[in-house]
Amino acid sequence: MAKIRRNNFLDTVNDVFTDATKQGVLHLYADGDILTGRKISVNEKLLFHFGTTGYLGLEQDKRLKKAAAEAIYRYGTQFPLSKTYISHPLYRSLEEKVNQMYGHPIIITKNTSLGHMGVIPSAVSDQDAVILDHQVHWSVQSAAKTLKTRSVPIEMIRHNSLNMLEDKVKKLSSKYRKIWYMADGLYSMYGDEAPILELMELSNKYPQLHFYFDDVHGMSWTGKNGTGFIMSKLKELPDNVLLFGTLSKTFGASGSVLVCANKKRYNKIKTFGGPLTFSAQLEPASVAAAIASAEIHLSDEIYKLQQDLLTRINFFNSELAKTDLPLIKRNDSPVFYIGTGMPITGYNFVNRLMKEGFFVNLGIFPAVPIKNTGIRITISRHNQKKEIKALVEAMVHHFPKALADTFTNNDRVRKAFNLSKKPLHTAIEYESEALSVQTERSISSIEKSLWNSFFANHGVFDWNGLQFLEQTFSENQKPEENWEFYYFIIRDQLGKPVLATYFTYALWKEDMLAPASVSQNIENIRLKHPYHMTSYVLAMGSLFTEGSHLYLDNNHPMWQDAMHRLFKELEKLDDLLNPSMIVLRDFDNVEILNEFFHNHGYFKVSMPEAGMIENLQWTGVENYLSSLSSKSRRHFKNDIAPFEAHFEVEILNKVPSNQVEKFYMLFENVRKNNLGLNTFGFPKHMIQLMSASDEWEFIVLILKASFVDTRKDIPVGVMFCYKNEGKTYVPAFVGMDYNYAFNHQVYRQLLFQTVKRAGELGFKTIDFGLTAGFEKRKVGAEIREKSAYIQAKDNFSLELLEMMDANK
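So in the UniProt record's numbering, spot 386 of the sequence shown is number 386, and the numbers just go up one at a time.
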């Protein structure tokens, strides 16, 4: 079974953040010796600040500053004891005032993330289930996932999808006591809202439905006493709602607040809430500042501040309405998001605005899907109308330039966010006239010698190999056995090829690269529903082939232009075919391509390791053994040589008609057993087409009668081998009888016989392809890490993501 070393989620985040840091838009330091809220200095350049989450500007209020300073002198910089033992003198006043704001029992926590870690495990019982909005804040998701250790089911729905939520509730309602839906009140990137009133109606229909809302971005700037977006909609907090607000961000101090109307639940959480019990309490300065802010919230002044901010928000909305900028959501909140689509466009746009004198935030994976990169602009009371207007003018000027710099256009950005087309009047789409693109639907339309000059030394995708694949995967009955082929050759102005590749559009199992345990569960469902969790994918190469499917002359000065032209062709196919994913695959870890793909909206996943023998010099077994490591020689003497006598080895160019069924069965045995690389089966007539081709041959292991109960010779293993035009021997697939495979070391014997046969034929290179790297290393193969880059669409399976997450 294939063992695949998959990328950790944090590896992908690290790659994306590293790229963004190189571009100068993340991990920055503010400089200067004073902050005013209106401006911020970065790299010794003073910028208008459109990135704060202190929307009311209270963090600069003199009353909060004075209270904080006095508290330090009176009580010290901290009060180093758990609140379980004793709270410092200012806490009682803060709790009373915040309680008065909400009219319900509250708990003050050190910060929101620790608050979630303390509250969620206390509030959710072992008899409950949890449903997460796909865009609920990371801190909520992280805390909720700790419940898995108690076997509490965690499911996920698409963002704000009420229909999907109701379907999940129906499914879970017969099994669990309470069903908790966890969401943000106001989402921190797009500034869009949870459908609060509709959710309350749903809970009236399903009394088991409870809510856990993180409303930190809705706090202070709206609602009675500044209690936030959720309370502005609910007026009164129901028993089935737990609400988190914040004392930082717009509140102007530090800490967060849990609001709970259910007294029994409140007492349970307060008595013992993990980090609420063991973590340090807020510093005296933070508590004092929060008291000063709470007093403002309890006065009529809060409504004047809210109105002052709303005036600025309305002005920004009116200025944006005059433009064609792709505003993702028109908000009455202080959070706005201008889409850029690709990360590299976002980097360019942010840098341009910084040079123009404006600081904005980059919205990037994992806060948003990688293809939904953009800039987050926040409006605060610090911002004056003249700089708001100047920011809009700068965006109108620089946005089309950022698009042109990164080889994209406004339509592509709008498509990434499912916005209606509204092209910029000043949009410029760069397309090099020095490059030409040849696109074909069949390899027969491409000159054989030209194609083989790119791919003759690779796998089963030289010219003859692709002709075989087109024959095999056409005019079949099953949908998964019919593929569409798309070929691309991109040339410079002199006609010299810069890039060549091919793609297939085919039905994939969505769990193809999932852990084997996940695939096994899905295969059990497919016994009754064979196309469960399957979708069409546009992929470089094909499910039949392995290896470097992309020819790219990266020494050519226009190689990046050529890649952009390829992406444009893929976008055309995306519009035409609407695949669930676009996959670029089988790359060695080439740093320059890694960064390029991330910048253009693809994220990296690890493929199974690939094995290759190069410079094979076969003059016999002894000479071959001398080329192996001492460990591999011991492996040969213990696990291969003693078993060679168990078999008769036949090399067949043609498969006897009475053996076709047997060969196909052996092949299917391995495919079905290899759930670590879970694919559909191939058409049975593939065997006949192989047999009719001069390029294919079959290494067959026939187990001698003396080792078989029936005392008859039987074929127990076959290697399906392709002889590439470039003199590469490709053992493309293996078939085995698992009744005998392990006792007679069938797979290891097939690997050795493959090396032996390739050497005898004079091949210098053997491309063993993906999986089983440990075994292939033992016969002398060099093992290489391979990666794929994926752009998943909204119609890709959330169910698979949930199952993979549950498997961790």
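Even glycine gets a Cβ: it sits at the ideal position worked out from N, Cα and C.
For residue i, does the three-state DSSP call read helix, strand or coil?
| i | result |
| --- | --- |
| N476 | coil |
| D709 | coil |
| A781 | coil |
| M231 | helix |
| Y789 | strand |
| L770 | strand |
| T345 | helix |
| N361 | strand |
| W696 | strand |
| R412 | helix |
| Y303 | helix |
| H210 | strand |
| A194 | coil |
| A732 | strand |
| L547 | Leu is not the amino acid found at residue 547; the sequence shown has Gly there. Residue state, collapsed to three classes: coil. |
| K723 | strand |
| Y75 | helix |
| F17 | helix |
| F663 | helix |
| M182 | strand |
| I428 | Low local confidence applies: a pLDDT of 44 at I428 is under 50, so the model's placement there is unreliable, with the coordinate-based value given in what follows. In this structure, I428 counts as coil in the three-state DSSP scheme. |
| L310 | helix |
| R491 | strand |
| F752 | helix |
| L466 | helix |
| Q688 | helix |
Using only CA atoms, which one of the options lies nearest to residue i?
| i | options | result |
| --- | --- | --- |
| Y602 | P715, Y664, L570, T77 | L570 |
| A37 | P89, Y55, D15, V25 | For clarity, residue 37 is Gly in the given sequence; the question names Ala instead. Of P89, Y55, D15, V25, the residue nearest in Cα terms is Y55. |
| S122 | G103, F663, A143, I131 | A143 |
| K684 | K604, E661, V746, F213 | E661 |
| N599 | A67, K66, G346 | G346 |
| L652 | R757, K672, N743 | R757 |
| I120 | S299, M231, F251, K268 | K268 |
| E201 | K233, L466, G32 | K233 |
| S445 | A434, E470, S436 | E470 |
| I783 | G676, M612, R711 | M612 |
| K65 | K45, K171, A253 | A253 |
| I766 | N739, T728, M736, E785 | T728 |
Is the closest heavy atom of the ligand PLP to the C-beta of residue i under 7 Å?
| i | result |
| --- | --- |
| R491 | Among the components modelled here there is no ligand, and therefore nothing to report on the ligand PLP. |
Going by the DSSP bridge assignment, what does residue i pair with across the sheet?
| i | result |
| --- | --- |
| E155 | I131 |
| V335 | T378 |
| S41 | D31, L46 |
| G611 | G769, I783 |
| N537 | It should be pointed out that residue 537 corresponds to Val in this sequence rather than to Asn. Answer by DSSP bridge pairing, in chain order: A506, M581. |
| K604 | Y789 |
| P89 | The partner list for P89 (beta bridge, DSSP) is empty, contrary to what the question assumes. |
| V717 | It should be noted that the sequence gives Gly, not Val, for residue 717. Paired residues: L701, M736. |
| S256 | T109, T246 |
Looking only at its own chain, which residues have a Cβ that is under 8 Å from the Cβ of residue i, when we skip the five neighbours before and after it?
| i | result |
| --- | --- |
| L90 | A71, Y75, P284, V287, A288, I291 |
| K509 | S519, I522, M533, T534, N678, T679, F680 |
| residue 809 | The displayed coordinates of the chain run from 1 to 808. Any statement about residue 809 would go beyond what the structure contains. |
Just to confirm my understanding: we take residue i, look at its own chain, exclude 5 residues before and 5 after, and list those with CB closer than 6 Å. What are they?
| i | result |
| --- | --- |
| E429 | At E429 the pLDDT is 46, less than 50, meaning the model places this residue with poor confidence; the figure from the coordinates comes in the next sentence. Only N409 meet the Cβ criterion. |
| F365 | V16 |
| E480 | L507, F680 |
| R381 | L56, G57, D308, L309 |
| Y789 | L584, F597, Y602, K604 |
| F229 | G185, L186, D215, G218, T222 |
| F707 | H646 |
| H425 | With a pLDDT of only 44 at H425, under 50, the local geometry of the prediction cannot be trusted, and no value is derived from it. |
| G780 | I613, L628 |
Between residue i and the rest of its own chain, which residues show a CB-CB distance below 7 Å, the 5 nearest in sequence each way excluded?
| i | result |
| --- | --- |
| S474 | N482 |
| N372 | G339, A416, F417 |
| H49 | G37, R38, K39, I40, F359, H382 |
| G24 | N351 |
| A434 | D492, Q493, M558 |
Can at least three beta-carbon pairs, one atom from the segment 214-234 and one from the segment 305-314, be found at a separation below 8 Å? As far as the Cβ criterion goes, the segment 214-234 touches the segment 305-314, which means the pair count is three or higher.
Looking at C-beta atoms only, is the number of pairs between the segment 399-415 and the segment 618-631 that lie closer than 8 Å three or more? no
Check whether the segment 257-272 touches the segment 239-246, counting contact only when three or more Cβ pairs, one atom from each stretch, lie closer than 8 Å. yes
Stretch pair the segment 101-114 + the segment 309-322: three plus CB contacts closer than 8 Å: no
Is it true that the segment 488-496 meets the segment 739-751, where meeting means three or more beta-carbon pairs spaced less than 8 Å apart? no
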